[in-house]
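The listed protein sequences correspond, in order, to chains S, A, Y and U.
Numbering follows this note's numbering, with no gaps: position 179 of the first sequence is 179.
Here this note's numbering = 1-based position in the second sequence + 1000.
Here this note's numbering = 1-based position in the third sequence + 2000.
Here this note's numbering = 1-based position in the fourth sequence + 3000.
Have a look at the structure below before the remarks.
Number of protein chains: 4
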Amino acid sequence: MNQTARLLITCSDKPGIVASVTSFLYSHGANITALDQHSTDAEGGAFFMRLEFTTPHLNVSRAALEQSFQDVVAGRFSMTWRIAYAADLKSVAVLVSGHDHCLLELLWRHSRGELPCEIALVVSNHPALRDQVERFDTRFVHLPVTPQTKDQAEEALLETLGDRIDLLVLARYMQILSPRVVSRFSDRIINIHHSFLPAFAGADPYRQAHERGVKIVGATAHYVTEQLDAGPIIGQDIARVSHRQSVEDLKEIGRDLERQVLARAVRAHLEDRIIITGNKTVVF
Amino acid sequence: MNQTARLLITCSDKPGIVASVTSFLYSHGANITALDQHSTDAEGGAFFMRLEFTTPHLNVSRAALEQSFQDVVAGRFSMTWRIAYAADLKSVAVLVSGHDHCLLELLWRHSRGELPCEIALVVSNHPALRDQVERFDTRFVHLPVTPQTKDQAEEALLETLGDRIDLLVLARYMQILSPRVVSRFSDRIINIHHSFLPAFAGADPYRQAHERGVKIVGATAHYVTEQLDAGPIIGQDIARVSHRQSVEDLKEIGRDLERQVLARAVRAHLEDRIIITGNKTVVF
Amino acid sequence: MNQTARLLITCSDKPGIVASVTSFLYSHGANITALDQHSTDAEGGAFFMRLEFTTPHLNVSRAALEQSFQDVVAGRFSMTWRIAYAADLKSVAVLVSGHDHCLLELLWRHSRGELPCEIALVVSNHPALRDQVERFDTRFVHLPVTPQTKDQAEEALLETLGDRIDLLVLARYMQILSPRVVSRFSDRIINIHHSFLPAFAGADPYRQAHERGVKIVGATAHYVTEQLDAGPIIGQDIARVSHRQSVEDLKEIGRDLERQVLARAVRAHLEDRIIITGNKTVVF
Amino acid sequence: MNQTARLLITCSDKPGIVASVTSFLYSHGANITALDQHSTDAEGGAFFMRLEFTTPHLNVSRAALEQSFQDVVAGRFSMTWRIAYAADLKSVAVLVSGHDHCLLELLWRHSRGELPCEIALVVSNHPALRDQVERFDTRFVHLPVTPQTKDQAEEALLETLGDRIDLLVLARYMQILSPRVVSRFSDRIINIHHSFLPAFAGADPYRQAHERGVKIVGATAHYVTEQLDAGPIIGQDIARVSHRQSVEDLKEIGRDLERQVLARAVRAHLEDRIIITGNKTVVF
Chain S
1 MNQTARLLIT CSDKPGIVAS VTSFLYSHGA NITALDQHST DAEGGAFFMR LEFTTPHLNV
61 SRAALEQSFQ DVVAGRFSMT WRIAYAADLK SVAVLVSGHD HCLLELLWRH SRGELPCEIA
121 LVVSNHPALR DQVERFDTRF VHLPVTPQTK DQAEEALLET LGDRIDLLVL ARYMQILSPR
181 VVSRFSDRII NIHHSFLPAF AGADPYRQAH ERGVKIVGAT AHYVTEQLDA GPIIGQDIAR
241 VSHRQSVEDL KEIGRDLERQ VLARAVRAHL EDRIIITGNK TVVF
Chain A
1001 MNQTARLLIT CSDKPGIVAS VTSFLYSHGA NITALDQHST DAEGGAFFMR LEFTTPHLNV
1061 SRAALEQSFQ DVVAGRFSMT WRIAYAADLK SVAVLVSGHD HCLLELLWRH SRGELPCEIA
1121 LVVSNHPALR DQVERFDTRF VHLPVTPQTK DQAEEALLET LGDRIDLLVL ARYMQILSPR
1181 VVSRFSDRII NIHHSFLPAF AGADPYRQAH ERGVKIVGAT AHYVTEQLDA GPIIGQDIAR
1241 VSHRQSVEDL KEIGRDLERQ VLARAVRAHL EDRIIITGNK TVVF
Chain Y
2001 MNQTARLLIT CSDKPGIVAS VTSFLYSHGA NITALDQHST DAEGGAFFMR LEFTTPHLNV
2061 SRAALEQSFQ DVVAGRFSMT WRIAYAADLK SVAVLVSGHD HCLLELLWRH SRGELPCEIA
2121 LVVSNHPALR DQVERFDTRF VHLPVTPQTK DQAEEALLET LGDRIDLLVL ARYMQILSPR
2181 VVSRFSDRII NIHHSFLPAF AGADPYRQAH ERGVKIVGAT AHYVTEQLDA GPIIGQDIAR
2241 VSHRQSVEDL KEIGRDLERQ VLARAVRAHL EDRIIITGNK TVVF
Chain U
3001 MNQTARLLIT CSDKPGIVAS VTSFLYSHGA NITALDQHST DAEGGAFFMR LEFTTPHLNV
3061 SRAALEQSFQ DVVAGRFSMT WRIAYAADLK SVAVLVSGHD HCLLELLWRH SRGELPCEIA
3121 LVVSNHPALR DQVERFDTRF VHLPVTPQTK DQAEEALLET LGDRIDLLVL ARYMQILSPR
3181 VVSRFSDRII NIHHSFLPAF AGADPYRQAH ERGVKIVGAT AHYVTEQLDA GPIIGQDIAR
3241 VSHRQSVEDL KEIGRDLERQ VLARAVRAHL EDRIIITGNK TVVF
C-alpha cells in the first residue's frame, strides 16, 4: 500500500492518450496495477482516467516524475492531472451535531483499517459526543454555534482546522457552512444528506418523504457547494418502506443507509477514486 | 379463486373493530384466508383493513351479506368499505403512445394468467402497435391526438371507453389527460412515471437524472390526479447507474424498471390490495 | 411500549379462529394494535398468528387472562400459544470469538435503544474484546476453550449463563456448541453464518464463494440446531461482487452484511415476531 | 457499432503489457473507446484485459493487424487473445422446453435491438411454442426427445445446428446435453439455472428452496460444462421472499429473475465482455 500511487487525469479525448500515459509510466519503472478510463465521446468528448501504480522500481524521484510527466505527456494533451501517494495519508476533520451514528461508523471503520486516513479531529457544536470520540483516542473540539455567534464560530472553526486538513466530512452536521468555508475547502467537503437527492432537499427529509408517501427512502453523499444539497453526488443507496413506517421508523431505517453511504463515499475520496466534472462525479 | 372475496375497510381506530368484522364474517359462513390491518395510531388514528375470504359456504346472498354488514358492523364504526369478488374480473383499458415495452409486459403477463382481469382494449394515439396488440387477440383502437383536436380526441376516448371500464392503465401514454377524464375515472387511473418521484417529475426524466448525475435511477407507479405526477404512489423500484451510462443507456435500464413496477402496481390494484388515503396509499 | 403484549399462536386452520381470538381480547379490554396471520392452506393447513395488543385497560390479571384464554379459546382450537409482555425485557448473552464487528453492532444498537433487551453478559473464548465490551458497561467473561478442555469449558459456560438467559446470540462464535447446550437453549440460539445458506455451509465460506466464482455473496441468521448451519433461517441479505474482489475483500464486504442481518434477526426475536415451524420460520 | 472491435487478452501479469498493447493499437490507427483490465496479482498473477476500439482509421487489413499483433505484442507476453468485430454478428440458437418466459424475453429484446446477434433458430423438444417463435420471423424446429431416442435426437440436434452457430442458449431447456454436444460448443453454451448456485443445483430448485425455508431466492446464468450446474457463473440475481410464498409463488417470482439474468448474460457474451478462466469468469 505504501508504495502505491494514483494518477488522475481529465482532458479532451483524442487518440493516443492511453498509449502515451502507460508508456511513460512503464519507461520510468512504474508498474500499473489498476486502470480505469471513461470517455463521454471518443471523438472530442471529455476523457477521464485513473491509474494505480506501484513505485518500488521507480527510477526517478517523485518531483522528477511529475515534472517529466507534465513536460512529456500532460502538456501535449492539455491534461488536468494529479498524482496522489497512498503513503501520504490524508488528514480528515469530521464535523457533527447531535446524531452520532455516522460519526461512530467512521471512527469504527477507521479503527479497523478500512479508512486510509488520519482523523485529525472531530468538531461539534454540541458537547455530548466528547466521550465517545475520545475513546477512539481522537481529539474532540466543542465549538458552540448560535445565530448570534455564527460568524465568530466559523472563524474559530477555520482556525481550529488550520492548514493541514485535506478533507472535511459533515457527518450529520446541522449547520450550513458559509461560502467562505466552502470555497476554502472547495471539492474537499463531503456531506451526507438523509434523502434520495434531488428529492427532499432541505430540512427534515424523512418527514417530507413520509408526507409524500414514497415506497423507497434513500441517502446521498455529495460534495458541498454553495448551493444547498445541490453539489456533485458521490453515492446513493435506498431502502424499501411501506405505509407501516412512521417518520421515526424512517429515521431509524435511514440511519443504516446514511452510515453506509457516507463511509463508502469517504473511502472512495481517500482512495482517490473520484474526479469531479462540472456538477457530477466520475467514481472509478 | 372464483369464490374469493375481498373486504376493504377504512375508519377511525377504536377497540373492537377486528372482533366485530371477523365475527360477522364467521357467523355468515365466510372463511377468512388473509387478513391485513394497519393503524396510524391505536387511539383514534386511521384504521385500514383488508380481508380475503372464501364464499362457498356463505349462508346468504351477496346483497344480503353487504346490507347486513352495513347494518351490523359498518354503520357502528362509521366505516368506508367495499367488497370485491374475484369472480367479477375487472375490465381494463390500456393507453399507450409510441413505447411498447410496458404494454407488451402487461399483455404477456395477462396471457400467462398473472393479471386477473379482462383487457378490454388498447387505445393509442399512434397506429404502430396495432399488430403487436392484435396478436394477443386484444382490441386495438387508434385515436390520433393533435394540439388542435385534443378536445374531440378526449370525447372520442370517453366514448370508446364506454361505461364498462374499471381501470385505465397509462403504459407510457404521453398525453396529459384532462380533469374531465381524471375525475370520471377517479382513483382508477394508474400511470408509470419513468423516474423516482418526486424527483424528476415532468418531461424527459432520464435526461434530468443524467444531468443531475444521480447514482440511482427509478420508476414510479401512481394513481393519476389532476396534479401532474403528484398522485398517490403505489410502488417504486430503482437500478444503480454510474458515470458510464448515457441518457440512452438510462432509458434502456429504465425500461426494465418501468415494466416491472407498472405490472406489480396493476396487479395489486386488480387484487384489491390498495386503499387510497389522502395522497398516499396503503398497499396490503 | 411497556404496556404492549404479543400473542403468538400456531394451530390447524379452521373457520372462526380470528373471530374467537379477537373477540376474547376485546372482551377483556385488550386493544389490538397489530395483527398478522398466515395459513398454509385455509382448509386444514397450518395456521400462524401474531397479535400485538396494549394492556392498560385490561380488566383481569395476566395470569387470569392466560388461564381464561386457554380455557375459552386455545383449548377449543388445540393451539400452541404464548403471550410475551414487552415490559419483561429478555435477557441476552452474546458469545463471540475474535471478530468484533457483529458484537459491536449489537452493543451499539442496544445503547441507542434499538434492541429491546438486557445484554446480561458477553462471553468470549478470547480475552481481546474485554475493553470494548466494558466501555458499554456490559459484563465480559473470558472462557478459554481448547480441544482438551472443551467439556469443562462448556460446563463453565452453562454455569456462567445460569438460569436467567432468554437468548444466546452467536456473534461470530467460532466454537461448535455441543448438543447439550443446544438442547438447553432450544429455539433460543441465533447464529450468524457468513454465507448465503444453504450454499457454503461449514468453514471459511468466503473462500468457498471466491473459489466458486459467485457474483453475489450473502449472510444468514438462523436458529441453531444440532445439525451444523442447518437450522431454521430467520433472515438473509446479499451484496454483489465481481472478479475484482479477493477473499479478503469478500470478508470486508461480508462484515457489513453480517452486522445488519444478525441485528435484524435478533430484533425480530426480541419483538416476538418469529414462530418456528419444523425447520422453517414464520417472521411476522 | 459496425466499426467497433474488441480485443480480449489473458496472460501472466508483468510490467509493460498495457503500454505495449495500447501503443500497438495507436500506431495502427485504432482509437480505444473502452479499456478494462484485471490482475489477480501485479507480480506474476493472471492478467486479463478487454479493449474496445474503433476501426475507421485502421491503416491495415484485419488479417494484417492480427498477424502483426501476434508478432509484435502477443508473442512477447505469451498472450491468449482474440479480436471480435461487432460487425460480425454472432449466430445464436436457443434451446427451450415448455417454459416460454426466457425465450420470449430474448426474442423481444432482440427485436428491440438490445441483443446484437442473429437468432438463427429456436429448437424445442415440445411443439407448443412454434407460433410464438414464428411471430418474430424466427425459424422454429421441433426435435422430440424421449429416453429411448436421446442419441438420435442429439444427432439431429447437431445436424440442425450445423457449422454456423456461435452460441447455444439454454432458455429453460430441460434436457441434459451429452458431453459430445458440450465439447462441440465448449465455452459457448449459456444456461439459466433457477436457483442461486451453488445452492439447489439439480432438479426442482424452487421446491428445494421452499423446503429449506430460505428468505431469498435467486437465478444463475452460467456456461455449461460436463458437470451439471457447476460451470463458470456469469451472473446472478435475487429476490426476497418470506413464509407467505408457496412453491408456485416462488416459480412466478423466479420467472422474472430468470428472464433478466439470462438476457444480461447473453448480452455480455455477445458484446465480448466475458473471459473464462478456469471455472470462473471475468465479466468486464
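Think of the CB as a built atom: it goes at the ideal place given N, C-alpha and C, for glycine as much as any other residue.
With distance defined between alpha-carbon atoms, name the residue in V3094(U), D3071(U), I3189(U) and G3213(U) nearest to F3200(U). Measuring from the Cα of F3200(U), the nearest candidate turns out to be G3213(U).
| message | At the 9 Å Cβ level, is Q1236(A) part of the contact set with chain S, yes or no? | response | When Cβ-Cβ separations below 9 Å define contact, Q1236(A) makes contact with chain S.
ask   = Can you list the residues of chain A that Y2026(Y) reaches, using a CB-CB cut of under 7 Å?
value = Neighbours of Y2026(Y) on chain A, chain order: P1015, G1016 and A1019.
message = Can you check which of these residues, E1226(A), K1251(A), P1232(A) and D1229(A), is closest to I1238(A) by C-alpha distance?
response = The shortest CA-to-CA distance from I1238(A) to any of E1226(A), K1251(A), P1232(A) and D1229(A) is the one to K1251(A).
Is there at least one Cβ from chain U nearer than 9 Å to G29(S)'s Cβ?
-> With 9 Å as the cut-off, G29(S) counts as an interface residue toward chain U.
| query | So, helix, strand or coil for K150(S), using DSSP? | reply | Helix, per DSSP.
Practice item. Output the boundary residues of the alpha helix (DSSP H) element that contains D2249(Y). Key: Taken as a continuous stretch (DSSP letters only), the alpha helix (DSSP H) holding D2249(Y) covers V2247 to L2270.
Could you tell me which residues DSSP puts in a beta bridge with E3052(U)?
For E3052(U), the pairing in a beta bridge is given by DSSP as R3006(U) and A3034(U).
* Would you decide whether E2226(Y) is buried or exposed? Buried here means 16 or more other CB atoms lie within 10 Å of its CB. => It counts as exposed.
| field | Partners in chain U for R42(S), counting only beta-carbon separations shorter than 7 Å | value | First, the residue type needs correcting, since residue 42(S) is Ala and not Arg in the sequence shown. Residues of chain U passing the Cβ test: N3031, T3033 and T3054.
- Message: My output table needs one value for Q2236(Y): the three-state DSSP class, helix, strand or coil.
- Response: Look at Q2236(Y) here: in three-state DSSP terms it is strand.
Counting only beta-carbon atoms, is L1104(A) nearer than 9 Å to chain U?
Chain U, which has a Cβ nearer than 9 Å to the Cβ of L1104(A), makes this yes.
Tell me which residue opens and which closes the beta strand (DSSP E) that S1091(A) is part of. First-last of the beta strand (DSSP E) with S1091(A): K1090 to V1096.
*So is Q3037(U) in contact with chain A if we call contact Cβ pairs under 9 Å?*
Taking 9 Å as the threshold, the shortest C-beta distance from Q3037(U) to chain A does not fall below it.
Exercise for review: Note down, in chain order, every chain D residue with its Cβ under 7 Å from the Cβ of D2249(Y).
Suggested key: Protein chains S, A, Y and U are contained in the structure displayed, whereas chain D is not.
Would you call the CB atoms of L2058(Y) and L2065(Y) closer than 9 Å?
L2058(Y) places its beta carbon less than 9 Å from that of L2065(Y).
field: Proximity of Q3152(U) and A3086(U) at Cβ, strictly below 9 Å
entry: Note that the C-beta distance between Q3152(U) and A3086(U) is not below 9 Å.
Mind checking if S2023(Y) is an interface residue toward chain A, Cβ cutoff 9 Å exclusive?
For S2023(Y), the answer is yes, since a Cβ of chain A falls inside 9 Å of its Cβ.
- Task: Identify every residue that forms a DSSP beta bridge with Y1085(A).
- Result: BP columns for Y1085(A) point to A1005(A).
Notebook entry, point to check: Taking the alpha carbon of L1035(A) as the point to measure from, which residue in M1049(A), T1010(A), T1149(A) and T1138(A) has its own alpha carbon closest?
Noted result: The option with the nearest alpha carbon to L1035(A) is M1049(A).
Residue environment, Q37(S), which counts as buried when at least 16 other CB atoms sit within 10 Å = It is buried - the Cβ of Q37(S) has at least 16 other Cβ atoms within 10 Å.
* Asked: When the Cα atoms are used, what is the spatial distance from P3144(U) to R1135(A)?
  -> Between the alpha carbons of P3144(U) and R1135(A) lies a distance of about 27 Å.
Under 8 Å by beta carbon: chain Y residues contacting D256(S):
Simply Q2260.
Where F1196(A) meets chain S, residues with beta-carbon distance less than 9 Å: Going along chain S in sequence order, the residues near F1196(A) (Cβ under 9 Å) are F196, A199, V214, I216, G218 and I238.
Practice prompt. Provide the residue span of the beta strand (DSSP E) that contains S1023(A), from first to last.
Written response: Boundaries for S1023(A): no beta strand (DSSP E) harbours it, while the alpha helix (DSSP H) harbouring it runs I1017 to S1027, taken from the DSSP string.
* For P2177(Y), the nearest candidate out of I2165(Y), R2164(Y) and N2191(Y) (CA to CA) -> First, the amino acid is wrong: residue 2177(Y) is Leu here, not Pro. Taking L2177(Y) as reference, the option from I2165(Y), R2164(Y) and N2191(Y) with the minimal CA-CA separation is N2191(Y).
Hey, out of V1217(A), I1165(A) and F1196(A), whose CA is closest to S1186(A)'s CA? Closest option to S1186(A), judged by alpha-carbon separation, among V1217(A), I1165(A) and F1196(A): I1165(A).
Practice problem: Rank Q1148(A), H1126(A), L1121(A) and A1128(A) by C-alpha distance to the C-alpha of D1137(A) and give the top, closest one. | Solution: Comparing Cα positions, the closest option is L1121(A).
**Prompt:** Thinking just about the alpha-carbon of each residue, which of R2130(Y), R2180(Y) and R2172(Y) is nearest to the one in K2150(Y)?
**Reply:** For K2150(Y), the closest C-alpha among the options R2130(Y), R2180(Y) and R2172(Y) is that of R2180(Y).
How far does the alpha helix (DSSP H) with H3210(U) in it reach, from first residue to last?
For H3210(U), the enclosing alpha helix (DSSP H) has its first and last residue at P3205 to R3212.
With 9 Å as the limit, tell me which residues of the region 1133–1155 of chain A have their beta carbon closer than that to any beta carbon of chain U; keep them in chain order. Against chain U - using a Cβ distance shorter than 9 Å - the residues of the region 1133–1155 of chain A are R1135.
Check: What did DSSP end up calling A3063(U) once you bin it into helix, strand or coil?
Finding: In the structure shown, A3063(U) sits in a helix (DSSP, three-state: H, G or I).
| query | Mind pulling the chain U residues with CB within less than 7 Å of E1271(A)? | reply | Result: empty, since nearest Cβ-Cβ is about 13 Å, beyond 7 Å.
Would you tell me roughly how many angstroms separate the C-alpha atoms of G2098(Y) and V2123(Y), rounded to the nearest one? Looking at the two C-alpha atoms, the distance is approximately 11 Å.
Give me the DSSP bridge partner(s) of Y223(S). Y223(S) is bridged to I190(S).
* Give me the Cβ distance between F1047(A) and D1013(A), rounded to the nearest whole Å; I'm assuming they're in contact under 8 Å. => Rounded to the nearest angstrom, the Cβ distance from F1047(A) to D1013(A) is 4 Å, consistent with a contact under 8 Å.
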